[in-house]
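Structure record follows, encoded as structure tokens.
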Amino acid sequence: MALVFRNQRARPVRSLLTVLGILVATASMVLFLSFGEGLRQALAGEMTKFGPEIRVVAEGTGVFGVPNPELDQNVLDTLKAHARELGIARLFPAVVMMKGSGFDPATTFLFYGLPEGVTPKDLAPAAKLVAGRLDPHPDGAVVGKQKAEQNRLTLGKVLRLSRRAEVPVVGIVDAGNGLADSFIFVPMKLLQKVLHTDQYSVVLVYVAPGHKADEVAARIRALLPGVDAQTTSEAIKYAERAIKIGDVIRFGISLIALIVGGLLVANTVMMSVYERIREFGVMRAIGARRGFIFRLVLLEALLLAVAGGAVGVAAGYLGSWVVNLYTTHAVGLALSAVTPRLVLFSLAVALALGLSAGLLPARVASRISVVEALGRL
Amino acid sequence: MSEGDRVLYAAHLGKRYRQGEVWIDALRDFTFDFPPGVTAVVGPSGSGKTTLLNLLAGFDRPSAGEVYLAGRPLHALGEDERAGVRLAHAGFVFQSWNLLPTLSALENVAFPLLLKGVPRRERNQRARALLDEVGLGHRASHFPHQLSGGEQQRVAIARALALDPLVLFADEPTGNLDSAAGERVLELLLGQARGRRRVVLVTHDLEIAARAHRILRLKDGRLVEVRASP
Ligand SMILES: Nc1ncnc2c1ncn2[C@@H]1O[C@H](COP(=O)(O)OP(=O)(O)O)[C@@H](O)[C@H]1O
Ligand SMILES: [Mg+2]
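First to last, the sequence lines map onto chains A and B. Mapping of the first sequence onto the numbering used here: residues 1 to 377, in sequence order. Mapping of the second sequence onto the numbering used here: residues 1 to 230, in sequence order.
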């Protein structure tokens, strides 16, 4: 084992450069993949911050889509009438309206119309009041803290819903970095007027104790044709799938860096093998078996790869932290996360890299003929 | 004669090399049973001395004939088996570049013990004793490049003796040394021919060869003379 280290010390610059190559490769992989992990964590956080377990929307609405006001009074009444047998503890309707592109958070305004008696706390139970009042009724707007910061909304500022409808900001609420933090809550009646409708976008449902959300959702779908009941965990699963596809793509990209890093290790180890043919010859002459030489060279490659991998993970962690500094500022989410399993995965990849990069040089070194090796000076 | 007695024995040993279109017989029909003591192998450059040593030590496989080391038929064994026989029964001192450059003198001497699986403490203890024996106990932690040529050769001798071999091979061990240092190395080597041990000393220096118990003379790959020293 000491032999393995000694050789690296004998050629410090080359070893260092190789470690650096692996470092960059691993760091870039960690950073790439940390976005997937960050999204996952953000998603789980969002969803658990969201109070109602089920949202009832018109059929065809995407799991993360903004629902159109297509539910009529009958849907609400039916749900209310069968609440007990469906396993519903509480429900209320809401109207949602999006203004702006939907892509840039700064120019997108998501208005959430709440019925009388319902406050932002009913959507995000952990919400805390920052300024003003919690209830938008009768004629105000309560703005999520993040949205307020993004668009410099303060109490008294007037928001324009349409050419005719305007509301002053009456409260700012901190929903804890959740989705609701970028909502603007207004009275539902007001939004219905703006949209010229008396229908609802969504009915939000709290499941009664002792019932399972997906079972309740299934019963609602069976009871009401043309209506979809989406559960929070379903939404998470759906997003999870999208993230997984992203993971594969991101890993594919970082694979290029990894392959370059692997070639670097292979090259370094191969060079040092050629330089040390005489040395291996002496070892074999003394009585070392081929396997001994093979393991020696392989361990060298592993050492380089794992050293680079470990420092690379650390660098990736640092990179992720910097990215988060930016994204929390820009979109309010820590988009990148270096999770324990990502660290383990990266180290395993570095190990595999060293292993595959070391195999060929190790084979070459162990197959050298003793006579030839000793003949060289 | 039983096989177990064939400490170092060759029969009709031959080695051919191909060089382009022509075949070179580097060694032809070499038969000899090495007795205990020092056997010098002499001959002009290119006469096949190193080729013979390579075959006797199992570095290479013969094209013809048989060779036994410590009773084991090297001509019939694979690479790793021959390595095992070498580790257990043979020691080597080459002309130069004997030592592993990244290991200290002590670690170099301990290396065969490491291969044998001797635990570290015992390894270092025995290596230190061996270094003392060749008069280099005070150089234990020096690296090869910090040692003179003569000192390097003495460390190599200590390493060759680490597992108390039956056969000690030396190929021009003093070839790169001045006469004083060479003399010291030579004395050390000749002193190792004790008990059943065989020392095979390859040299082209007849003065050195004269100090062996017997001299084998090679010419064009053939054994042309076996002579006991006076
Ligand atoms: N690997 C080889 N390939 C071809 N010819 C070789 C090889 N090794 C040695 N020879 C030839 O075999 C002959 C004997 O060489 P060698 O045993 O090294 O002689 P010595 O050690 O007595 O100088 C020489 O003619 C040499 O050129
Ligand atoms: Mg020679």
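Idealized CB from N, CA, C, for every residue including glycine. Keep in mind that this is a model prediction, so the values were computed, not measured.
Neighbourhood of residue i by C-beta, 6 Å cutoff - its chain only, sequence neighbours within 5 removed
i	result
A/K147	S182
A/Y206	P52, A89 and R90
B/L74	G58, V67 and R82
B/F30	A10, L13 and L223
A/I293	F280, A365 and S366
B/A209	A40, V42, T203 and I215
B/E3	Because the pLDDT at B/E3 is just 45, under 50, the model does not fix this residue reliably, and the value given afterwards should be weighed accordingly. Closer than 6 Å at Cβ, skipping near neighbours: G71.
A/L17	none
A/D72	Q199
A/R284	V370
B/G182	T174
Cβ distance (whole Å) where residue i is taken to contact residue j below 8 Å
i	j	result
A/G140	A/V118	A/G140 to A/V118, Cβ: 14 Å. No contact.
A/A350	A/G316	That belief does not hold up - the Cβ atoms of A/A350 and A/G316 are roughly 11 Å apart, past 8 Å.
A/Q230	A/R55	5 Å
B/R6	B/G84	Rounded, the Cβ-Cβ distance is 17 Å, inconsistent with contact.
B/V155	B/N108	6 Å
B/P62	B/L55	5 Å
A/L335	A/A42	7 Å
Near ligand 2: residue i beta-carbon under 7 Å from a heavy atom
i	result
B/T174	no
Beta-carbon proximity list for residue i, same chain, < 8 Å, skipping 5 on both sides
i	result
B/S47	L218, K219, D220 and G221
B/L206	V42
A/L190	G113, D139, L161, A165 and V167
C-beta contact flag for residue i and residue j at 8 Å
i	j	result
A/V378	A/G132	Given a span of 1 to 377 for chain A in the structure shown, any question on residue 378 of chain A remains unanswerable.
A/G210	A/A27	no
A/L325	A/Y200	no
B/Q192	B/L177	no
B/L52	B/V41	yes
A/L342	A/L114	no
B/S104	B/A140	yes
A/V313	A/S356	no
A/G246	A/G36	yes
B/L87	B/L115	yes
A/G358	A/V216	no
B/H213	B/G65	no
A/V306	A/G262	no
A/L134	A/V142	yes
A/R363	B/D80	no
A/L161	A/V194	yes
B/S130	B/A158	Rather than Ser, the amino acid found at residue 130 of chain B in this sequence is Leu. Yes, these two residues count as a Cβ contact at 8 Å.
Ligand 4 heavy atom lying under 7 Å from the CB of residue i
i	result
B/K49	Here the bound small molecules are ligand 1 and ligand 2; ligand 4 is not part of this structure.
Cβ-heavy atom distance, residue i to ligand 1, below 7 Å
i	result
B/A26	yes
B/S45	yes
B/Q146	no
B/Q95	no
A/Y317	no
B/Q153	no
B/Y17	yes
Cβ-based neighbour list, residue i, same chain, cut-off 7 Å, excluding 5 preceding and 5 following
i	result
A/G156	P168 and V169
B/G78	none
A/H137	E116 and P187
B/M1	Note on B/M1: pLDDT 44, under 50, position unreliable in the model; the coordinate value appears next. Contacts found: none.
B/G175	Q95
B/L99	N108, P144, Q152, V155 and A156
Problem set entry | Contact residues within the stretch 15 to 31 of chain B, judged by C-beta distance below 7 Å to chain A | none
Exercise. Name the residues in the stretch 39 to 63 of chain B whose C-beta lies less than 8 Å from a C-beta of chain A; which are they?
Worked result: Answer in chain order: N54, A57, F59 and D60.
Exercise. Closer than 8 Å, Cβ to any Cβ of chain B: which residues of the stretch 286 to 302 of chain A, in chain order?
Worked result: Listed by position, the residues of the stretch 286 to 302 of chain A near chain B (Cβ gap below 8 Å) are I286, G287, A288, R289, R290, G291 and F292.
For this session: Give the residues from the stretch 349 to 371 of chain A that approach chain B closer than 8 Å (Cβ to any Cβ), ordered along the chain.
Result: S369, V370 and V371
Exercise. For the stretch 108 to 137 of chain B, which residues have a CB atom closer than 7 Å to at least one CB atom of chain A, in sequence order?
Worked result: F111, P112 and L115
Problem set entry | Interface positions of the stretch 256 to 283 of chain A facing chain B (Cβ-Cβ less than 8 Å), listed along the chain | R278, E279, V282 and M283
Problem set entry | Against chain A: residues of the stretch 158 to 183 of chain B by CB proximity under 8 Å | Within the stretch 158 to 183 of chain B, the residues whose Cβ lies closer than 8 Å to any Cβ of chain A are, in chain order, R159.
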